[in-house]
Amino acid sequence: MEQSKGGDEVPKETRKARRIAERATERFTFGEAEYSRLPWFADWMRRHGDDFALAFYRRTDLSAPLFESLFALVKENMEPIYDEAEQWDDANKRRDMDAPEQRFLVLTDRATSHVAALLMFQFSTDDHPDFDWEVPVGYLYEVQVRAAFQGRGLGAFLVRVADAVGRENKMEKLMLTVYKVNTAAIAFYRRLGFAIDGISPSNYVDDDGNPLDEPYEIMSRPIQRRA
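Written out as structure tokens, the structure reads:
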């Protein structure tokens with residue numbers, strides 16, 4: 100019987116959630132043709148497919164030059180935010196992005212062959228906000244759009260694709276971590292239906308009854324059950 104680090108039996112709901120996430124990680128495939136049957140996906144590709152190419156990668160599929168392009172985009176967008184909230188660290192971010200469980204949705208500008216937008220995520224589990232077990236989630240580690248392409252709906256499109264991937268792989272919700280100082284990102288995610296998750300630090304207090312003072316929030320939204 101599987102046990103937690105403390106020696107207690109792992110709830111059956113948690114064991115099931117972990118199996119779902121592990122299977123999703125192992126089977127990850129996402130061909131454009133597979134999702135072209137979805138009306139919103141087909142419509143977006145019809146309107147924007149001449150400008151942008153969409154590709155899906157495991158970490159092991161990324162060439163060294165493409166990985167460096169993705170890292171450069173994340174650093175360009177996020178280093179100022181990190182420095183305001185905590186501190187940017189190249190090595191830590193590279194380690195996050197280099198994890199073999201990471202999966203990548205990448206939009207490339209056809210005219211320049213430059214990366215226009217990136218969504219990096221993992222199939223994982225996280226704590227249920229109300230019960231003592233875990234649920235399967237698609238955790239969004241990065242949603243980044245190059246400055247020249249912002250305001251064109253690329254980020255929202257990638258989140259919707261991630262939602263479709265999550266639904267296909269039996270995830271219950273999308274989750275992400277966002278710094279409080281990144282008010283533009285928080286507003287963006289709220290427009291897409293995300294809300295502060297029940298396990299976010301702002302929902303808890305310390306031993307003195309004061310709200311936890313962490314620089315980030317955890318946000319989530321249920322997987323959309325209709326395509």
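Read in order, the letters of the sequence shown correspond to residues 100 to 326 in this note's numbering. All C-beta atoms in this analysis are idealised placements derived from N, C-alpha and C, irrespective of residue type, glycine included.
Is the CB-CB distance between Ala-263 and Leu-291 below 9 Å? no
Sorted by chain position, which residues of the same chain lie with C-beta nearer than 7 Å to Asp-226's C-beta, five sequence neighbours on each side aside? Glu-233, Ile-298
Looking at the structure shown, is Glu-108 part of a helix, part of a strand, or coil, going by DSSP? strand
Determine, using beta carbons only, whether Leu-239 and Phe-203 come nearer to each other than 9 Å. no
Looking only at its own chain, which residues have a Cβ that is under 6 Å from the Cβ of Gln-323, when we skip the five neighbours before and after it? Asp-262
Three-state class that DSSP yields for Gln-102 in the structure shown: Here Gln-102 scores only 46 on pLDDT, less than 50, and its place in the model should not be relied on; the value that follows carries that caveat. In the structure shown, Gln-102 sits in a strand (DSSP, three-state: E or B).
What's the gap between the Cα of Glu-183 and the Cα of Arg-136? 43 Å
Evaluate contact between the segment 308 to 319 and the segment 265 to 279, counting only Cβ atoms and requiring at least three cross-stretch pairs below 8 Å. yes
Strictly by DSSP, which residues pair up with Val-304? Pro-310
Helix, strand or coil at Pro-228 according to DSSP, with G and I counted as helix: coil
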